[in-house]
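Numbering (the numbering used here), first residue to last: 118 to 839.
Heads up, the beta-carbon is just placed ideally off N, CA and C, and yes, glycines get one too.
Data first, discussion second: the structure below is written as structure tokens.
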Amino acid sequence: MSERFYLTTPIYYVNARPHLGHAYSTIVCDAIARRKRALGIETWFLPGTDEHGQKIERSAKLAGSTPAEFAAKVSNEFRSSWERLGLTPDDFIRTTEERHKRGVQKLFVTLRDRGYIYKGSYTGQYCVSDEAYIDGEPGTICPDCGRVTETVSEENYFFKLSAFERPLLDYYESHPEFMAPDSMRREILSFVRGGLKDLSVSRTSFSWGIPVPGDEKHVVYVWLDALANYITARGYGSDDAESKARFEKFWPADIHLIGKEISRFHCVYWPAFLMAAGIPLPRSVRANGWLLFEQSKMSKSRGNVVRAESVADVLGVDALRYFLLREIPFGQDGGFSFDALVQRYNGDLANGYGNLVSRVVNMIHKYFEGAVPSAGKLTDAEEKLSESATATIAEFNRSFDAFDFSGALKTLWVLVAETDGYLTANAPWKKPAERTDADHAALQARVLATAAEATRVLTARVYPILHASAEIVWRQLGQGEISEASKKNFLKSLAWGGLKSGTKFGEPAPLFPRAEKDAIDRMQNLEDQNPHSAVEAAGGNDGKKAPAEVTCGEASGGSAAKAPKMESADQTKAVEAVKPAAEKAEAPVATAIPSPVAATSVEPVAVVPATEEKPLISIDDFIKIELRVAQIIVAERIPKADKLLRLEVDLGYEKRQILAGIAEYYEPEKLVGRKIVIVANLAPRKMRGLESHGMLLAASLEGGVPALAGFHEDVPLGARLK
Ligand code: MSP
118 MSERFYLTTP
128 IYYVNARPHL
138 GHAYSTIVCD
148 AIARRKRALG
158 IETWFLPGTD
168 EHGQKIERSA
178 KLAGSTPAEF
188 AAKVSNEFRS
198 SWERLGLTPD
208 DFIRTTEERH
218 KRGVQKLFVT
228 LRDRGYIYKG
238 SYTGQYCVSD
248 EAYIDGEPGT
258 ICPDCGRVTE
268 TVSEENYFFK
278 LSAFERPLLD
288 YYESHPEFMA
298 PDSMRREILS
308 FVRGGLKDLS
318 VSRTSFSWGI
328 PVPGDEKHVV
338 YVWLDALANY
348 ITARGYGSDD
358 AESKARFEKF
368 WPADIHLIGK
378 EISRFHCVYW
388 PAFLMAAGIP
398 LPRSVRANGW
408 LLFEQSKMSK
418 SRGNVVRAES
428 VADVLGVDAL
438 RYFLLREIPF
448 GQDGGFSFDA
458 LVQRYNGDLA
468 NGYGNLVSRV
478 VNMIHKYFEG
488 AVPSAGKLTD
498 AEEKLSESAT
508 ATIAEFNRSF
518 DAFDFSGALK
528 TLWVLVAETD
538 GYLTANAPWK
548 KPAERTDADH
558 AALQARVLAT
568 AAEATRVLTA
578 RVYPILHASA
588 EIVWRQLGQG
598 EISEASKKNF
608 LKSLAWGGLK
618 SGTKFGEPAP
628 LFPRAEKDAI
638 DRMQNLEDQN
648 PHSAVEAAGG
658 NDGKKAPAEV
668 TCGEASGGSA
678 AKAPKMESAD
688 QTKAVEAVKP
698 AAEKAEAPVA
708 TAIPSPVAAT
718 SVEPVAVVPA
728 TEEKPLISID
738 DFIKIELRVA
748 QIIVAERIPK
758 ADKLLRLEVD
768 LGYEKRQILA
778 GIAEYYEPEK
788 LVGRKIVIVA
798 NLAPRKMRGL
808 ESHGMLLAAS
818 LEGGVPALAG
828 FHEDVPLGAR
838 LK
């Protein structure tokens with residue numbers, strides 16, 4: 118392992134306010150950075166904001182401010198959010214900074230001088246939301262976000278991406294560690310093998326960007342601009358000796374941590390730009406999956422975001438960090454819900470680790486006046502616990518370094534339960550009549566010294582993740598400031614047996630008070646009080662007029678959609694499902710992760726005469742039904758099922774199979790490409806041996822003839838109907 122370590126987050130667009138989806142990658146990076154530092158590795162952790170481009174220009178306009186003011190305001194929110202969450206970035210790059218502009222211009226000129234950029238003209242489709250060129254006819258839908266592309270016709274500079282098809286494939290082959298997970302690697306390989314076309318790297322239709330040196334009516338393509346942040350932040354483009362030395366030392370980056378949907382930019386364009394410029398390539402690109410809320414990607418455009426601060430304000434920053442790393446297998450999509458969060462919090466933190474610390478610290482105060490006793494002669498039970506702790510540490514390290522944060526924490530929590538079980542089995546608080554006072558004192562000393570040592574080891578290991586609580590516990594264990602210990606690389610030499618007898622413990626302090634029933638309401642209320650849209654937060658009329666902003670959230674009334682409320686029955690379930698803190702720690706409470714795909718099958722259309730008397734439903738009943746726009750991408754008959762069609766539909770954020778009882782009325786081939794409305798949150802159901810994940814909507818005409826619901830306007834895939 119190199120003695121210096123450079124890791125980056127994606128830089129976030131400033132057209133959305135920070136939410137949990139952004140916090141997720143940044144928190145993962147923070148945990149990695151804290152661990153590296155505590156291992157004595159000189160670490161540089163870089164987040165930042167991506168501030169140029171047409172969509173930022175448009176959002177600023179809607180907010181009634183200049184792009185520069187707008188970008189500064191939202192960028193500041195990201196920075197404050199990371200501060201509020203106690204993250205430890207070493208720098209924060211903004212693409213509107215002078216150092217960045219210099220570097221981007223230098224990169225552009227270098228590419229041009231080396232013959233990899235030429236001038237040509239381009240007419241084609243552009244997705245403003247993704248700032249990406251899309252192959253296709255006018256009106257083509259962006260395959261990534263489902264929005265309608267715009268036709269642009271411009272004289273552009275082009276990058277000779279086509280020249281890098283072979284070099285990239287060779288590089289991937291000789292550097293298998295370059296990208297992960299495997300699903301992303303496969304996708305990238307197939308994309309590059311499919312052939313690379315030259316890439317337009319400048320725009321003239323708007324001006325909010327970095328001017329192309331010597332041809333200032335062009336601005337540099339926003340992805341070339343954005344990707345360069347990873348080098349400009351470390352000195353590329355600055356000619357002073359100090360910047361040069363910094364760049365030499367810290368480049369190439371060890372890890373670019375990204376969301377899976379921006380892999381093409383990081384694994385194809387970025388290495389090609391670097392190869393062309395003669396700059397070494399980053400060592401690895403690692404993609405996280407998406408954080409889902411209500412079964413779809415948490416994102417501003419879907420209006421289903423939750424702010425990290427709402428969780429931190431109610432349950433603390435560690436609860437959020439623990440949940441994200443423990444609950445979601447890194448690289449996969451994972452569900453966030455207040456319910457699951459509170460279950461994890463109460464089960465693993467309040468009743469688990471928090472309860473263990475409180476038992477150990479309180480008993481050492483009660484029986485030994487707060488000073489760690491000498492363990493005396495050990496028995497098999499102590500040997501077993503110490504062996505277990507040593508094995509746990511090794512396993513934790515292996516898993517963490519392989520990005521299996523969930524596995525690492527799971528392992529550590531087995532040790533929490535083991536230590537707790539050890540305490541309970543030896544019951545140092547209970548003196549059986551037949552035990553002499555001297556024997557009892559010896560048992561208390563042995564058991565509490567051992568449990569305290571296990572707690573110390575656990576706390577040190579968990580520090581990169583639960584840093585705020587580890588700081589408190591470290592003091593309680595008489596170890597001083599954990600941030601100071603980290604500066605002295607305490608994880609490098611951490612081993613069982615480091616807790617000295619006589620160490621004076623600090624005062625017990627509450628760690629993870631149990632979350633009561635109102636915790637979810639409090640988080641929800643904080644959500645309700647905050648605008649989620651950057652435009653609204655900046656004082657503007659939210660994006661309902663901007664093409665890139667049209668969403669179902671806005672359709673319901675203009676201002677940003679709020680995170681939907683939980684059902685109170687669910688809240689009760691979440692809180693009641695856990696055991697009282699006073700009880701001994703048990704294996705962690707199992708948490709139901711909402712499946713990313715949880716919807717059911719289709720019956721043929723229900724025929725209910727509009728005039729029939731039916732009881733009225735409330736808005737709360739209606740809101741439970743998740744109606745979304747989907748596009749049919751495959752339609753085929755099912756052998757021996759005359760009425761059923763098998764459809765594959767694209768919701769923008771995921772594809773799924775639906776069976777529909779419309780075979781008698783629709784030719785399958787005519788359905789492909791059609792946008793329909795589906796009930797997205799029905800439980801899956803099997804029909805004819807096939808699973809159906811949803812139900813499509815249609816008007817029921819005379820004789821039960823269906824007419825599929827659709828739209829006259831262009832609507833993005835996945836948009837929710839409200
Ligand atoms: N500006 C570009 C990145 C340029 S990097 C040189 C961008 N910005 S973004 O704000 O749209 O997204 C930034 C990152 O946030 C992406 O990696 C994206 O995956 C991540 N996330 C945004 N919402 C997310 C979730 N709901 N879940 C997990 N990550 C999510 O793309």
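Proximity test, residue i beta-carbon vs the ligand MN heavy atom, cut-off 7 Å
i	result
leucine 344	The ligand MN is not among the ligands present in this structure, which contains only the ligand MSP.
Residue i CB to nearest heavy atom of the ligand MSP below 7 Å
i	result
lysine 414	yes
tyrosine 338	no
leucine 368	The question names leucine, but residue 368 is tryptophan in the sequence shown. False, no ligand heavy atom lies under 7 Å from that Cβ.
glutamate 378	yes
serine 142	yes
tyrosine 580	no
proline 127	yes
alanine 747	no
leucine 408	yes
glutamate 806	The amino acid at residue 806 is misidentified as glutamate; the sequence shows glycine. Checking the Cβ of glycine 806 against the ligand MSP gives no.
histidine 169	no
isoleucine 375	yes
aspartate 217	The amino acid at residue 217 is misidentified as aspartate; the sequence shows histidine. No.
alanine 133	yes
glycine 452	no
Neighbourhood of residue i by C-beta, 6 Å cutoff - its chain only, sequence neighbours within 5 removed
i	result
leucine 228	Ile234, Ala393, Ala394
alanine 148	Pro581, Ile582
proline 833	Gly263, Arg264
phenylalanine 364	Arg351, Gly352, Tyr353
threonine 842	An answer regarding residue 842 cannot be provided, because it is not within the stretch 118 to 839 covered by the chain.
valine 564	Asn543, Pro545
Residue burial classification, residue i (beta-carbon count within 10 angstroms, cutoff 16)
i	result
asparagine 421	buried
asparagine 193	exposed
threonine 572	buried
glutamine 586	Rather than glutamine, the amino acid found at residue 586 in this sequence is serine. Buried: at least 16 other Cβ atoms inside 10 Å.
threonine 183	exposed
alanine 188	buried
lysine 605	exposed
glutamate 248	buried
serine 427	buried
glutamate 172	According to the sequence provided, residue 172 is lysine. The question's glutamate does not apply to it. Result: buried.
aspartate 435	buried
aspartate 537	buried
glutamine 748	buried
lysine 852	The question about residue 852 has no answer here: the residues shown for the chain are numbered 118 through 839.
lysine 609	exposed
leucine 408	buried
histidine 292	exposed
aspartate 167	buried
Given residue i as reference, the closest of the options once Cα atoms are compared
i	options	result
glycine 493	Phe276, Asp356, Ala566, Ser505	Ala566
leucine 391	Ala626, Gly464, Tyr288, Val766	Tyr288
serine 401	Ser380, Ser418, Ala133	Ser380
isoleucine 74	Lys741, Leu762, Ala758	No answer is possible for residue 74: it lies beyond the span of the chain, which begins at 118 and ends at 839.
glutamate 784	Ala612, Pro293, Ala534, Glu753	Glu753
alanine 632	Leu616, Gly471, Trp199	Gly471
aspartate 521	Ile481, Gly406, Asn468	Gly406
phenylalanine 275	Leu313, Gly451, Arg805, Ala425	Leu313
leucine 744	Pro801, Leu814, Lys621, Thr496	Leu814
arginine 231	Gly487, Lys277, Ile755, Glu486	Lys277
Cβ neighbours of residue i in the same chain (closer than 7 Å, five flanking residues each side left out)
i	result
threonine 708	Low local confidence applies: a pLDDT of 26 at threonine 708 is under 50, so the model's placement there is unreliable, and no value is given.
glycine 433	Ala585
alanine 150	Leu124, Thr160, Phe162, Thr205
alanine 636	Val431, Leu432, Val459
leucine 560	Asn543, Pro545
Residues of its chain near residue i, where Cβ-Cβ distance is below 8 Å and the 5 sequence neighbours each way are ignored
i	result
valine 474	Thr572, Thr576, Val590, Gln593, Leu628
> Can you list, in chain order, the stretches of the alpha helix (DSSP H) that have 4 or more residues and sit fully within the segment 757–808?
Replying inline: 785–788
>> Quick check for students: name the residue ranges of the alpha helix (DSSP H) that lie wholly in the segment 429–498, counting only runs of 4 or more.
In response: 434–444, 455–461, 472–485
> Considering only residues of the segment 265–351, which uninterrupted alpha helix (DSSP H) runs meet the minimum length of 4 residues and lie entirely inside it, listed in chain order?
Replying inline: 282–291, 299–310, 339–344, 346–349
> Which ranges does the alpha helix (DSSP H) cover as unbroken runs of at least 4 residues, wholly within the segment 560–621, from first to last along the chain?
Replying inline: 584–593, 599–604
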